[in-house]
Amino acid sequence: MTHRTHTPHPQQYVHLSGQANTVAPMTQHWQGTFDDLGRSLATTTFVVVDLETTGGSADNCEITEIGAVKVRGGEILGEYKTFVNPGLPIPAFITVLTGITDAMVVDAPRIAELLPGFLEFAGSPTDTVFVAHNAPFDLSFLKAAAKKHGYAWPKYPVVDTVRIARQVMTKEEVPNNKLGSLAAFFGAETTPNHRALDDAKATVDVLHGLFGRLGSFGITTLEELLNFSKQVSPAQHEKRHLAANIPAIAGVYIFRNAKNEALYIGTSKNLRSRVKSYFTAAESRKRIKDMIAMADHIDIIPCATVIEAQVRELRLIEEHQPRFNRRSRTQEKAVWIKLTQEQFPRLSAVRGHKTLLDDAGWAGPFHGNEAAHLAIDAIHELLPLRQCTPRITERSMKTASPCALFDMNRCAAPCIGNQSPSSYQTIISTLQHYLHNDSSPVVDQLTRRMQDLATAERFEDAAQVRNRLSALISGISRGQRIRAFTQIGEIITAHRRDDQWEFLCIRHGRLVGSAHSTPGVDVAQTIESLSLTAERITDDGSILPASTYEEVEKILGYIENQETRIVSITDEWSLPVFSAARSRGDFEKVEDQDVNFWVNRTQRSNN
Numbered sequence: 001m002t003h004r005t006h007t008p009h010p011q012q013y014v015h016l017s018g019q020a021n022t023v024a025p026m027t028q029h030w031q032g033t034f035d036d037l038g039r040s041l042a043t044t045t046f047v048v049v050d051l052e053t054t055g056g057s058a059d060n061c062e063i064t065e066i067g068a069v070k071v072r073g074g075e076i077l078g079e080y081k082t083f084v085n086p087g088l089p090i091p092a093f094i095t096v097l098t099g100i101t102d103a104m105v106v107d108a109p110r111i112a113e114l115l116p117g118f119l120e121f122a123g124s125p126t127d128t129v130f131v132a133h134n135a136p137f138d139l140s141f142l143k144a145a146a147k148k149h150g151y152a153w154p155k156y157p158v159v160d161t162v163r164i165a166r167q168v169m170t171k172e173e174v175p176n177n178k179l180g181s182l183a184a185f186f187g188a189e190t191t192p193n194h195r196a197l198d199d200a201k202a203t204v205d206v207l208h209g210l211f212g213r214l215g216s217f218g219i220t221t222l223e224e225l226l227n228f229s230k231q232v233s234p235a236q237h238e239k240r241h242l243a244a245n246i247p248a249i250a251g252v253y254i255f256r257n258a259k260n261e262a263l264y265i266g267t268s269k270n271l272r273s274r275v276k277s278y279f280t281a282a283e284s285r286k287r288i289k290d291m292i293a294m295a296d297h298i299d300i301i302p303c304a305t306v307i308e309a310q311v312r313e314l315r316l317i318e319e320h321q322p323r324f325n326r327r328s329r330t331q332e333k334a335v336w337i338k339l340t341q342e343q344f345p346r347l348s349a350v351r352g353h354k355t356l357l358d359d360a361g362w363a364g365p366f367h368g369n370e371a372a373h374l375a376i377d378a379i380h381e382l383l384p385l386r387q388c389t390p391r392i393t394e395r396s397m398k399t400a401s402p403c404a405l406f407d408m409n410r411c412a413a414p415c416i417g418n419q420s421p422s423s424y425q426t427i428i429s430t431l432q433h434y435l436h437n438d439s440s441p442v443v444d445q446l447t448r449r450m451q452d453l454a455t456a457e458r459f460e461d462a463a464q465v466r467n468r469l470s471a472l473i474s475g476i477s478r479g480q481r482i483r484a485f486t487q488i489g490e491i492i493t494a495h496r497r498d499d500q501w502e503f504l505c506i507r508h509g510r511l512v513g514s515a516h517s518t519p520g521v522d523v524a525q526t527i528e529s530l531s532l533t534a535e536r537i538t539d540d541g542s543i544l545p546a547s548t549y550e551e552v553e554k555i556l557g558y559i560e561n562q563e564t565r566i567v568s569i570t571d572e573w574s575l576p577v578f579s580a581a582r583s584r585g586d587f588e589k590v591e592d593q594d595v596n597f598w599v600n601r602t603q604r605s606n607n
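For what it's worth, the working numbering labels the leading residue of the sequence shown as 1, then goes sequentially.
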């Protein structure tokens, strides 16, 4: 563990006043001019913290490394860095992500020994502000550790750089609000690499960059910073009347402009409360404030149940394409992978599910084209499928030449007639088995490959294998869950909510009706009426006969709630014993890393 004081680095300070993005060399004796308005940001002490952990939840994971930087007025007052023995093995994919191995933490102190020293470094909550990028994550682990070992967690004021970035940065400036993106934008001198102290240093630079932005908003004191998200725009104040007379029921709301065009579509179990919140300090999103400035009126669609409202929202967003909605606008354009229909099939990434056939190999949907191609790369690493695109015929075989994959023993070159259709079909059958039945060989082989590379300190290569496997498992798992559900002709569910039951009727993955019990009416009669009056669906044999993948996943999330009961079901509902869903959870929280991280990690390990 290190705990030391540093001299400031020039260029680390960002002026709090003046224009956004203005960066000037730091001076140690900078004087604020607004101390009388509150605690000046220039004279406030911030402790910027980052943790590395064994996983994503403080309930069952532990801290492996703590990094912190104490800074005031652009001057670094001290740094804190220590490994932490988590008391349990570090998962292989976490080692690949962070470069932290069991051997690196085995002799480190346990968190119970480190907490007093860390809290001493952080200082009193009356003097220090706690800062982190995605602060709820870091705080959840520290608070859990403090509670477990009998320490009272100080009530620090908290600043979350993610939350500030969402308010002051635009999509044109940064594609997302990840630490790496913001650090690159603000020219941070330390590149985030999933090591605690380096990430904390990068967060310091991001914090100062955000302070520069906040200066243009007139934010110069800590009190103003903490209340920044509570400000109400003039448009929010002027248009509060749009929320008048909205009932407190479940349903969908649609903000429309003077031309009656849908600007934004949302849903809530309490329309009155949700819509009113758009005109209060609780709504801080810039794009939503811009939307409110354009809004002329609000339409509502009452719904019998919350899940009906959520499904209607998905369908309406797909239909109207409201400009201020970000999610669910491209449900029909999701990316899938499939085997082409030819004598020697190959894998292809396609948009939309209409061309997918049950008797062929397919998986998805994926989170974008890049994820789909990562999944394809994972399969190519396991099976010698052809990767060339020309159609193979007897005539083409006479003039074709094998590619480099043949020399590398990664393809048997059916393009030159070197492999028979029956031999190639054996490979295709194996792949179809992986995609639709047993995914465990894929997980086992690629996990071993990833672990071998990590052990050999080939972290960049291990990261590539991890990303490919994560993408493939996610796509296979989603496809298996979706298709198992859409093959069910009808399923009726019941969910107890407050003092009544709510019922759903789903056919081939589409919500076709919902109802709730009425006092004095027999429940069986309500269910029978629901089934008789619900929309009729014809199964055309496609992957999604009557809905989108988002609707299916929304309904599945509802049904998988432990309080939801199945009243009746017409067909078998099951997943393969060794389906990809068994492994999906291990990879969902692993983020892609910059290749430079793995290069730097390898170099550090070798030094």
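Even for Gly, the Cβ is constructed at its ideal location relative to N, Cα and C.
**Message:** Looking at the secondary structure, which residues open and close the alpha helix (DSSP H) in which residue 526 lies?
**Reply:** 523-533
**Message:** Out of 406, 303, 279, 304, which one is the CA nearest neighbour of residue 623?
**Reply:** With the chain represented from 1 up to 607, any question about residue 623 goes unanswered, as that position is not in the structure.
**Request:** Can you give me the start and stop residues for the beta strand (DSSP E) that residue 262 sits inside?
**Result:** 262-268
**the stretch 237-253 touching the stretch 107-114, judged by at least three CB pairs closer than 8 Å** = no
**Asked** On the three-state DSSP scale, how would you describe residue 123?
**Response** coil
**Asked** Alpha carbon to alpha carbon, how far is residue 27 from residue 186?
**Response** Any answer about residue 27 is weak, because its pLDDT of 29 lies below 50 and its placement is not dependable; what the coordinates show is given next. About 19 Å.
**Prompt:** For residue 160, which residues of its own chain have a beta-carbon under 6 Å away from its beta-carbon, when the five flanking residues on both sides are left out?
**Reply:** 135
**Prompt:** Relative to the C-alpha of residue 82, which residue among 378, 104, 74, 91 is closest?
**Reply:** 104
**Request:** Can you tell me which of the three DSSP states residue 194 falls into?
**Result:** coil
**Asked** Distance, Cα to Cα, residue 235 vs residue 166?
**Response** 20 Å
**Message:** Can you check which of these residues, 409, 408, 322, 414, is closest to residue 400 by C-alpha distance?
**Reply:** 414
**Item:** Buried/exposed call for residue 155, threshold 16 Cβ in 10 Å
**Value:** exposed
**Message:** For residue 546 and residue 527, what's the separation of their Cα atoms in angstroms?
**Reply:** 22 Å
**Asked** Quick one: what does DSSP say residue 548 is sitting in, helix, strand or coil?
**Response** coil
**Message:** Taking 9 Å as the threshold (C-beta atoms), are residue 250 and residue 67 in contact?
**Reply:** no
**Prompt:** Can you name the start and end residues of the beta strand (DSSP E) that residue 130 belongs to?
**Reply:** 128-132
**Prompt:** Can the beta-carbon of residue 479 be found less than 9 Å from the beta-carbon of residue 576?
**Reply:** no
**8 Å contact criterion, which residue 123 and residue 208 should meet: CB distance rounded** = The Cβ separation is near 20 Å, so there is no contact.
**Prompt:** Is it a yes or a no for the stretch 482-495 touching the stretch 561-571, going by three-plus beta-carbon pairs under 8 Å?
**Reply:** yes
**Request:** Could you spell out where the alpha helix (DSSP H) holding residue 434 opens and where it closes?
**Result:** 421-436
**Prompt:** Do you know how far the Cα of residue 565 is from the Cα of residue 641?
**Reply:** Absent from the model: residue 641. The displayed extent of the chain is 1 to 607, so no value can be given.
**Message:** Using 8 Å for Cβ pairs, my map puts residue 343 next to residue 421. What's the rounded Cβ distance?
**Reply:** 6 Å
**Message:** Taking the straight line between their C-alpha atoms, what separation do you get for residue 157 and residue 91?
**Reply:** 33 Å
**Request:** Taking residue 234 as part of the alpha helix (DSSP H), name the residues at either end of that continuous run.
**Result:** 234-238
**Item:** According to DSSP, residues forming a beta bridge with residue 303
**Value:** Partner(s): none; residue 303 has no beta bridge.
**Request:** List the residues that DSSP assigns as beta-bridge partners of residue 618.
**Result:** The chain is shown only over 1 to 607; residue 618 falls outside these bounds and no answer can be derived.
**Asked** So, helix, strand or coil for residue 88, using DSSP?
**Response** coil
**Asked** So does residue 493 have its beta carbon nearer than 8 Å to some heavy atom of the ligand ADP?
**Response** Absence of the ligand ADP is noted for the structure shown, with no ligands found whatsoever.
**Request:** Would you decide whether residue 628 is buried or exposed? Buried here means 16 or more other CB atoms lie within 10 Å of its CB.
**Result:** Only positions 1 to 607 of the chain appear in this structure, which leaves residue 628 out of reach.
**Prompt:** Is any beta-carbon of chain D found at less than 9 Å from that of residue 509?
**Reply:** Annotation note: the requested chain D is absent from the structure, which comprises a single protein chain.
**Item:** For residue 82, the first and last residue of its enclosing beta strand (DSSP E)
**Value:** 75-83
**Message:** On the criterion of 16 or more Cβ atoms from any shown chain inside 10 Å, does residue 86 qualify as buried, or is it exposed?
**Reply:** buried
**Message:** Between 406, 272, 220, which has its C-alpha nearest residue 41's C-alpha?
**Reply:** 220
**CA-to-CA distance, residue 474 to residue 417, given in whole angstroms** = 35 Å
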